[in-house]
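Read through the structure below, which is laid out as structure tokens, and then see the notes.
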Amino acid sequence: MVMDRSWLLTDWESGLYVESLSLSSAELGIPDSRVEKRCLRGGLSDGVDLIEVAAGELSCTVLPTRGMGLWRASYGDVPLGWQSPVRGPVHPAFVNQAARGGMGWLRGFDEWMARCGLESHGAPEEDGDTPLSLHGHIANLPAQRVAVAADPSAGTVTITGTVHETALFHPKLLLETAVTLGLDSSRITIRDKVTNLGDVPTEMELLYHTNYGLPFLGEGSRFLIPFEELTPYHERSAEGLDTYDVYEPPTPGFVEQVYLFSPAARSGDTASLAAITNPQQSGAAVMRFDIRQLPHVAQWKSTGGASDGYVTGLEPGTSFPNPRSVEREAGRVVTLAVGASYDVTLMHEVAVGGEAVDAVAAEVAEIQSGAAGTVNSLP
Amino acid sequence: MVMDRSWLLTDWESGLYVESLSLSSAELGIPDSRVEKRCLRGGLSDGVDLIEVAAGELSCTVLPTRGMGLWRASYGDVPLGWQSPVRGPVHPAFVNQAARGGMGWLRGFDEWMARCGLESHGAPEEDGDTPLSLHGHIANLPAQRVAVAADPSAGTVTITGTVHETALFHPKLLLETAVTLGLDSSRITIRDKVTNLGDVPTEMELLYHTNYGLPFLGEGSRFLIPFEELTPYHERSAEGLDTYDVYEPPTPGFVEQVYLFSPAARSGDTASLAAITNPQQSGAAVMRFDIRQLPHVAQWKSTGGASDGYVTGLEPGTSFPNPRSVEREAGRVVTLAVGASYDVTLMHEVAVGGEAVDAVAAEVAEIQSGAAGTVNSLP
Amino acid sequence: MVMDRSWLLTDWESGLYVESLSLSSAELGIPDSRVEKRCLRGGLSDGVDLIEVAAGELSCTVLPTRGMGLWRASYGDVPLGWQSPVRGPVHPAFVNQAARGGMGWLRGFDEWMARCGLESHGAPEEDGDTPLSLHGHIANLPAQRVAVAADPSAGTVTITGTVHETALFHPKLLLETAVTLGLDSSRITIRDKVTNLGDVPTEMELLYHTNYGLPFLGEGSRFLIPFEELTPYHERSAEGLDTYDVYEPPTPGFVEQVYLFSPAARSGDTASLAAITNPQQSGAAVMRFDIRQLPHVAQWKSTGGASDGYVTGLEPGTSFPNPRSVEREAGRVVTLAVGASYDVTLMHEVAVGGEAVDAVAAEVAEIQSGAAGTVNSLP
């Protein structure tokens with residue numbers, strides 16, 4: 000029998016904090032794996048805790064200081080993620096979310112996958128008496144407990160973290176996340192649980208803002224998703240509806256377009272997916288999720304110039320990234336009962352080679368063949 | 000002759016900073032005492048300086064990074080303070096006071112005793128052209144000078160700190176505080192001096208937001224204060240006027256009630272007090288103060304669910320926690336002349352045992368017997 | 000041949016960060032020089048990187064954490080700069096620029112020379128849909144790359160730094176700065192380059208907020224500048240127009256006055272200057288600049304009480320410190336094409352002795368004799 004191996008890095012209860020740690024394949028008990036934890040110094044990253052984890056061809060970087068977001072990832076020598084104009088990772092001390100009419104979140108935004116939520120996400124608004132800023136707090140809150148665990152028998156390495164988004168007279172929401180990489184797959188699995196720690200029911204919104212740019216995204220990249228319904232976000236998006244699923248090259252001055260999908264699953268099933276292919280159609284980044292957990296997906300096309308942040312977002316969520324009041328009215332905001340949790344399992348996969356990409360496309364097409372595929376031409 | 004013993008921990012002038020320090024009873028020269036200074040790492044507390052000081056049965060924790068607030072205290076194994084939904088202490092870098100309509104202060108609020116002020120306290124407002132956020136700056140400003148001093152002959156340990164709340168075109172206010180614990184008493188004495196460092200007179204507000212929750216506060220806990228006048232804060236408070244002095248158990252969804260008191264003293268005297276008893280009436284937390292220094296006391300009942308922050312606040316202040324413009328109009332905002340100081344001496348005592356609690360109640364009753372005790376039924 | 004000597008202190012790309020470094024005259028290869036880099040701890044300065052550099056009689060302090068601002072300077076034992084009410088240098092984590100109606104910048108303001116910009120500077124406003132706070136971001140952004148270089152053959156020490164003011168959907172502006180001190184002069188040379196890193200043209204504003212107070216500034220100090228045109232900023236400034244160029248002693252309650260100049264150069268030349276003399280006329284602080292680069296100069300008189308921040312500002316800029324929308328309408332906001340840079344060379348000189356001061360005055364008078372010198376009596 001092989002025992003689990005675990006290392007505690009941060010623990011709010013006991014005051015434990017590990018500044019840096021390197022774990023070798025031998026220490027983890029998993030061939031071809033590696034974990035390295037550091038605390039960055041200097042510039043906008045001063046004080047940011049960062050954990051790099053690699054298993055086989057896949058590696059990614061977790062940011063405990065930024066709500067356990069995934070900063071970067073790569074498969075072999077192919078970087079996933081995007082080139083944000085922001086030189087991060089940015090410590091939340093340098094992000095003033097209330098600034099610029101509630102758009103300050105953008106000053107810290109350079110992650111491959113940033114969570115938006117938990118109280119709210121989407122565009123800033125005054126929701127009743129409550130000013131809400133862009134995409135909520137979770138990406139700028141540090142984790143209170145962080146650990147590494149290896150399971151040699153399963154061949155997996157997992158980074159876990161807990162983030163408290165709580166305050167008096169605010170929602171009391173706890174995020175517990177586990178990011179798992181395994182030796183024998185090209186997959187990162189994210190298991191999140193959001194719990195209402197409070198004594199009254201509370202609303203909750205959660206969206207996985209996953210971003211791809213050059214060189215993975217390029218002219219000819221395709222967006223693949225099986226859907227029941229597709230609606231453009233606004234007039235500007237409606238203009239590009241016919242070509243929502245293909246990408247242009249970097250186009251300075253491009254004004255963003257957003258498409259809102261109800262993702263489809265096979266009859267009797269709840270598993271869905273969305274993917275973005277590279278221009279050569281020789282690789283695809285795939286997200287797999289359960290439509291009971293993430294029933295709404297936004298596709299964000301912000302394909303401006305390379306230096307302005309040429310990027311597309313695949314954004315499965317509990318709701319769409321509209322202002323919360325819009326989502327509430329549409330009945331899409333989750334309410335968590337006292338003590339209740341919301342579970343999400345999300346998989347990032349890398350499909351390598353033309354055949355694998357074709358298989359993803361075939362899978363999407365096959366699910367689509369059983370789905371409505373309604374396209375609304377107006378927002 | 001016994002010399003004072005002192006240790007400088009932070010000094011802005013000279014650039015001195017002590018990361019950690021442990022002082023034993025022998026080093027302090029005081030039996031049964033202890034001081035420990037640390038800098039917390041990780042999570043929301045990353046970078047927070049914390050000083051634990053204990054003498055006899057009493058211990059408390061001072062937060063230089065949060066305006067020399069008192070984070071926690073305990074008597075023997077009984078914790079004072081409350082269980083905030085916030086997992087702190089929270090570094091001010093994670094508190095955006097301007098957020099959420101000026102309510103961002105709450106994201107850092109988990110102290111046993113937080114000072115509110117110094118430029119203003121109370122609810123956010125636009126006071127003339129000046130937007131003021133909830134409860135002012137002082138709890139989110141770090142101390143520029145921090146020291147420990149022991150006086151073996153008096154048997155006391157004192158933590159001192161200075162906090163500058165200053166900026167061009169803002170009030171220039173200096174807080175100098177000394178927190179003293181003594182071997183032969185169950186008392187923490189706080190001596191504060193607020194000085195106008197500027198060249199023109201300036202307004203000043205100061206309130207001691209002292210908070211009790213489970214297990215000290217519970218169903219049947221009583222609030223004791225001798226008063227000249229009592230006024231409910233708003234309609235919601237007026238509803239509970241008849242039972243302002245008793246506490247309900249944790250009640251999810253409870254909407255806060257606030258009562259405003261003019262505390263009374265014996266004829267010819269200026270000493271007053273307020274207390275909160277435990278449910279068993281076997282213990283009481285007592286605050287003693289001078290009504291010339293702190294002529295206004297707010298009682299805050301926020302007895303929602305245990306996880307939502309079941310809490311009551313005893314809040315003696317230079318004014319009530321209304322918006323500053325309201326307090327100014329009522330003539331309750333202090334103006335400090337150039338170079339002038341405002342002194343406050345405040346004592347936290349723990350009454351242990353039924354007899355001690357009865358003695359506090361009797362003291363309050365006796366003072367009340369000579370006071371008007373006017374109760375205004377409308378806000 | 001003498002090689003350059005260089006030391007990298009912070010590098011975002013490689014993750015390099017040097018906590019502290021002392022370089023002696025011998026290590027720098029320059030007689031009578033010194034560099035010391037530290038990271039401050041405790042209070043408002045916690046986490047601030049600071050570099051002191053001295054060559055001959057002149058020394059100054061550079062703040063990588065505050066946008067490469069110049070915190071303090073001195074010539075011999077004469078301090079330049081001013082005594083701000085702020086006890087800094089202040090880490091940006093303690094500065095909430097959005098607070099108090101966009102005036103939060105003042106909570107960190109105590110530099111001798113702070114840059115204002117790069118997206119905007121001047122008074123807060125809502126420029127179209129975009130709320131802009133006082134004086135922009137650059138002074139509260141940390142440098143991503145910092146280095147020291149010595150050139151023994153030239154006899155100079157240079158501190159270089161790069162600061163990124165970038166975000167998605169924001170301007171993408173890069174500041175590269177080099178601060179040079181040389182052995183055989185009483186001069187600090189600042190060479191700045193601001194580059195549009197983005198893929199679309201962008202507006203840019205840059206102003207050098209250089210501040211003098213006691214003891215250098217005092218009653219009888221004079222302001223010297225050759226100008227084509229002078230306009231008071233507002234009615235209050237118009238009141239003092241006749242005596243704009245002389246200073247009163249510290250005057251508690253003094254309300255600020257601002258004068259806007261179009262600086263003049265000799266016919267066929269573009270070199271201009273502005274200076275402030277000490278009360279004894281035995282010393283002057285001189286700024287030299289090129290009117291093609293910095294065609295606008297504001298003089299700020301804020302000569303309140305000594306403890307309120309008795310100060311004057313010499314502020315050459317690419318535009319005046321009006322709200323950006325006002326400057327845009329007047330055609331004074333620079334637009335940078337894609338990839339374009341804006342270069343500024345600025346020299347701070349110290350004139351020592353009555354003769355040197357007279358020479359500065361004569362130089363100003365001589366340039367003025369060939370310039371229009373129009374004085375507008377109304378704002």
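Residue numbers (numbering that gives the first Met the number 0), protein chains in the order written: chain A, 0 to 378; chain B, 0 to 378; chain C, 0 to 378. Beta carbons are placed, not taken as given, at the ideal position from N, Cα and C, and that holds for glycine.
Residue i: first and last residue of the uninterrupted beta strand (DSSP E) it sits in
i: ASP10/B; result: 4 to 10
i: VAL147/A; result: 144 to 150
i: THR129/A; result: 129 to 131
i: GLU125/A; result: 124 to 126
Beta-bridge pairing of residue i - partner residues as DSSP gives them
i: MET286/B; result: ALA273/B and HIS347/B
i: GLU164/A; result: LEU172/A
i: THR230/A; result: LEU259/A
i: TYR207/C; result: ARG114/C
i: ASN195/A; result: LEU172/A
i: VAL374/A; result: LEU229/A
i: LEU180/B; result: VAL156/B and ILE187/B
i: ARG221/B; result: VAL245/B
i: THR201/B; result: LEU335/B
Enclosing alpha helix (DSSP H) for residue i [first to last residue]
i: GLU234/A; result: 234 to 238
i: ALA98/C; result: 98 to 101
Proximity winner among the options, relative to residue i (alpha-carbon distances)
i: PRO378/C; options: LEU140/C, GLY239/C and LEU216/C; result: GLY239/C
i: GLY226/C; options: SER266/C, SER220/C and LEU174/C; result: This sequence places Phe at residue 226/C; Gly is not what is there. Nearest option by C-alpha distance: SER266/C.
i: ALA270/C; options: PHE260/C, ARG287/C, THR276/C and GLY100/C; result: ARG287/C
i: VAL156/C; options: GLU234/C, ASP10/C, ALA54/C and LEU223/C; result: ALA54/C
i: ALA149/A; options: THR165/A, ILE158/A, SER21/A and ALA142/A; result: ILE158/A
i: GLU26/A; options: VAL147/A, ASN195/A and GLY316/A; result: VAL147/A
i: GLY197/C; options: PRO78/A, ALA305/A and LEU293/A; result: ALA305/A
i: PRO123/A; options: GLU12/A, GLN96/A and PHE108/A; result: GLN96/A
i: GLY252/C; options: GLN292/C, GLY308/C, TRP299/C and HIS233/C; result: GLY308/C
i: GLU118/A; options: HIS136/A, ALA92/A, VAL363/A and SER5/A; result: HIS136/A
Alpha-carbon to alpha-carbon, residue j and residue i
i: ASP343/A; j: ASP289/A; result: As written in the sequence, residue 343/A is Val, which differs from the Asp given in the question. Cα to Cα, the separation comes out at about 8 angstroms.
i: ASP268/A; j: VAL359/A; result: 17 angstroms
i: GLY75/C; j: VAL52/C; result: 13 angstroms
i: VAL1/C; j: SER24/C; result: Residue confidence for VAL1/C is low, a pLDDT of 47 falling below 50, so the modelled location carries little weight; the figure read from the coordinates is stated next. One C-alpha to the other measures close to 15 angstroms.
i: THR302/A; j: ARG186/A; result: 26 angstroms
i: GLU110/A; j: GLY116/B; result: 38 angstroms
i: TYR211/B; j: THR311/B; result: 5 angstroms
i: SER44/B; j: GLY87/B; result: 6 angstroms
i: ASP10/C; j: SER281/A; result: 35 angstroms
i: PHE319/A; j: VAL94/A; result: 24 angstroms
i: ARG323/B; j: LEU206/C; result: 36 angstroms
i: GLY181/C; j: ALA153/C; result: 8 angstroms
i: ASN139/B; j: MET102/B; result: 13 angstroms
i: TYR16/C; j: GLU164/C; result: 20 angstroms
i: SER220/B; j: GLU354/B; result: 16 angstroms
i: TRP70/C; j: GLY80/C; result: 8 angstroms
i: LEU22/C; j: GLU35/C; result: 6 angstroms
i: VAL285/B; j: MET112/B; result: 13 angstroms
i: SER261/B; j: ALA274/B; result: 15 angstroms
* Asked: Could you give the uninterrupted runs of the alpha helix (DSSP H) lying entirely in the stretch 294 to 368 of chain A, keeping only those of 4 residues or more?
  -> Every unbroken stretch of the alpha helix (DSSP H) spanning 4 or more residues and falling wholly within the stretch 294 to 368 of chain A is given here in chain order: 323 to 328 and 353 to 368.
* Segments assigned alpha helix (DSSP H), at least 4 residues, entirely inside the stretch 15 to 96 of chain B -> If we require 4 residues or more, the alpha helix (DSSP H) runs fully inside the stretch 15 to 96 of chain B come out as 24 to 27.
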